[in-house]
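Here the protein sequences come in this chain order: A and B. With positions in the first sequence counted from 1, the corresponding number in the working numbering is that position plus 27. With positions in the second sequence counted from 1, the corresponding number in the working numbering is that position plus 27. Note that the Cβ used here is the ideal one computed from N, Cα and C, for glycine as well. Structure first, then comments.
2 protein chains.
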Amino acid sequence: MYICFIKEIKMAGRPKIYDESEALDNAVKVFWEKGYENASANDLLKAIGIGKGSFYLAFKGGKQELFEKSMQRVVDQNFKEFRKAVVNCDDPVRLVKDFFLSLAGADSPIGNQGCYFGNALVQISGHESGLKMMAAENLQLLETIFAEAMRRGKKLGLLQTEQSPEMLASYLINLWNGFNVTKRMENDHGKLLDLIKMNLRVIE
Amino acid sequence: MYICFIKEIKMAGRPKIYDESEALDNAVKVFWEKGYENASANDLLKAIGIGKGSFYLAFKGGKQELFEKSMQRVVDQNFKEFRKAVVNCDDPVRLVKDFFLSLAGADSPIGNQGCYFGNALVQISGHESGLKMMAAENLQLLETIFAEAMRRGKKLGLLQTEQSPEMLASYLINLWNGFNVTKRMENDHGKLLDLIKMNLRVIE
DNA sequence: CCTATTTTGTACCAATTGGTACAGTATTAT
DNA sequence: ATAATACTGTACCAATTGGTACAAAATAGG
């Protein structure tokens, strides 16, 4: 029994007309915009550009499996890069501050769609609790990245606060969770910016 | 054209078998648990205990109108009392602190269902934007109550901070929004309590 | 008792839901 | 060429969706 690590090897059979990564990116867009439960199978198929046959072959777990993989995709595309930056940059505290400050702008990277995982946590109803747990874990992952940034910040003498890196990370993930909701109820960007600035005083 | 303010006056016609306030309370429960879109008409009918005929007679706008009225019900039942306490109590700052501290406990009044309005803001998909706006307005109402508490707190000399009441209120509503999400990703009550305590240091 | 008025329950609706079955097609290995 | 393999598209499914139509039922006033 061989395990094939090389993707490009040609297998027998009709070739796929789609690329899985692209498909996931498109699925992410739909889920982000409509939410898990409101994204219909047809919405997703149309966005991905494949028929039902291909879809249920590729994602035997249906919508749920697709969402799981889409969450992983978001982690891979956003968190990993962020973590790398946190570990390598000169000023991880500055990095985190800029991250939050950029959220307040009209051209925020996350738009007004909120956090992929926070949304899932609030949107997904009871019985699909597996997805919720995954979403929670991914948020905890973001929290650990914040913690890492704070740890490095302290080590580099960039933080005056007496609070522990873990406590600061907890504060920051809560700021993240809150801001993604507050943005939806308040569109005075000046006010939002002041809010972020006030919060960021804890990591001075 | 007379307007009748007296509820008990007997009108001609078959009497209702349900009470509108009770009906709304039951609807609130369902919406809170399942979310707006996931609460099916049948769920609601069953919870309210009336048939479709009565339902669509009482709420001609269907599910949407029911949700609007249920939001108003939540405001009436929760916010108004809170505002009264803010205006009348000896220590509005203490009141707000206790409000937040109580959220961290295992027996939190809001359970793990989050904020009725924050949920709506995150759960309701694009096209029903009227409901979203209403939800946002209700959150802003809560913010003004916080502001009132902070204003009184300052006037009473209970606050040392230089921050304006409005700024503090903005901070607090964001804490509220965040905590209702963070609670879903973290169930270490000690950690949650520490998080609240740390945040409440801004209103000392 | 009769009529006007209002509420109630049931039957029904088209549209949409997530998902399956399967015949057909495109490719590689032999 | 042919067999084995893997992907694709369509047709189809039962269940559920929010909502309507309407006849029956229960009351008040006359």
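What residues in the region 110 to 134 of chain A bring their beta carbon closer than 8 Å to a beta carbon of chain B?
Listed in sequence order: no entries.
Please report whether the beta-carbon of I77/A lies at a distance below 8 Å from any beta-carbon of chain B.
No, I77/A does not count as interfacial toward chain B.
Would you report the Cα separation of D221/A and K124/A, rounded to the nearest angstrom?
Near 13 Å, if we compare the C-alpha coordinates of K124/A and D221/A.
With distances taken from CA atoms, which of V57/B, G80/B, E64/B is nearest Y45/B?
It is G80/B.
Once DSSP output is grouped into helix, strand and coil, what is the label at I223/A?
Of the three classes helix, strand and coil, the one that applies to I223/A here is helix, per DSSP.
In chain order, what residues of the region 47 to 76 of chain A put their CB closer than 8 Å to some CB of chain B?
Under the 8 Å Cβ criterion, the region 47 to 76 of chain A contributes E60, K61, G62, E64, N65.
Taking P192/B as the reference, give the member of G217/B, I172/B, N65/B, F82/B with the closest Cα.
Selected option, being the one with the closest Cα: I172/B.
Return the first residue and the last residue of the alpha helix (DSSP H) that A54/A is part of.
Note, A54/A: alpha helix (DSSP H), 47 to 61.
Beta carbon of V149/B, beta carbon of V208/A: below 8 Å?
A contact, by the Cβ cut-off of 8 Å.
So R211/B is in the alpha helix (DSSP H); what residue range does that whole segment cover?
Here the alpha helix (DSSP H) through R211/B covers 192 to 212.
Output yes or no for whether 8 Å exceeds the beta carbon distance between A39/A and M212/B.
No; because the gap between Cβ atoms is not below 8 Å, this pair is not in contact.
Could you give the distance in angstroms between the alpha-carbon of E231/B and the alpha-carbon of M177/B?
Each residue's Cα considered, the two are about 11 Å apart.
Under three-state DSSP, which class holds K107/A?
The answer is helix: DSSP assigns K107/A an H, G or I state.
Can you give me the Cβ contacts of E35/A inside the same chain, cut-off strictly under 8 Å, excluding the 5 residues immediately before and after it?
In this prediction, E35/A has a pLDDT of 49, which is less than 50 and means its spatial position is unreliable; what the coordinates show is noted afterwards. Excluding positions up to five away in sequence, the list is empty.
Quick check: the Cα distance between R41/A and E47/A, rounded to an integer number of angstroms?
So the two alpha carbons sit approximately 15 Å from each other.
Got a sec: is the Cβ-Cβ distance from Q99/B to anything in chain A below 8 Å?
Answer no: the Cβ-Cβ gap between Q99/B and chain A never drops below 8 Å.
Give a yes or no on whether the C-beta atoms belonging to A54/A and I75/A are separated by under 8 Å.
Yes. Within cutoff.
In chain order, what residues of the same chain lie with their CB nearer than 8 Å to the CB of K159/B, ignoring the 5 residues before and after it?
Cβ within range, chain order: A147, L148, I151.
Closer than 8 Å, Cβ to Cβ, to anything on chain B: give me those residues from the region 209 to 220 of chain A, in chain order.
Correct list: T209, R211, M212, E213, K218.
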